[in-house]
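The block underneath contains the structure these notes are about, expressed in structure tokens.
Below you can see the structure in the form of structure tokens.
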């Protein structure tokens, strides 16, 4: 990211494909992947950060903030049995 997405004459500043490249980068770093563009279903794995907070638009969501913290990065099964949207994560 620091090599290719910087604002210097040797790179391509502003060439962001109308936000597609930066949104892909943000999703990748959070390890949240949209399954299909039309649906609001996401695959969630372990992010590059210990904590992530997303401000929610209250026109569409009841809450103000979606926040999750990674406590056990080394254990890929620590999400198993937890709930998301009132459904148990397998």
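In my numbering, the protein residues as written are -1 to 88. Cβ atoms here follow ideal geometry from the backbone N, Cα and C, with glycine treated the same way. These numbers were taken from a predicted model, which means no experiment stands behind them.
Using three-state DSSP, classify residue i as helix, strand or coil.
i          : result
residue 51 : strand
residue 66 : strand
residue 46 : coil
Going by Cα to Cα distance, which pick from the options is closest to residue i?
i          : options        : result
residue 55 : 18, 64, 27, 85 : 64
residue 28 : 39, 51, 57     : 51
Round the Cβ separation of residue i and residue j to the nearest angstrom and send it over; I've been treating them as touching at under 8 Å.
i          : j          : result
residue 67 : residue 49 : 5 Å
residue 40 : residue 31 : 6 Å
Flag residue i as yes if its beta-carbon sits less than 9 Å from any beta-carbon of chain B, otherwise no.
i          : result
residue 41 : No chain B appears in the structure shown, which is made up of a single protein chain.
Name the one or two DSSP bridge partners that residue i has.
i          : result
residue 41 : 31
Would you check if the distance between the CB atom of residue i and the CB atom of residue j is smaller than 9 Å?
i          : j          : result
residue 60 : residue 53 : no
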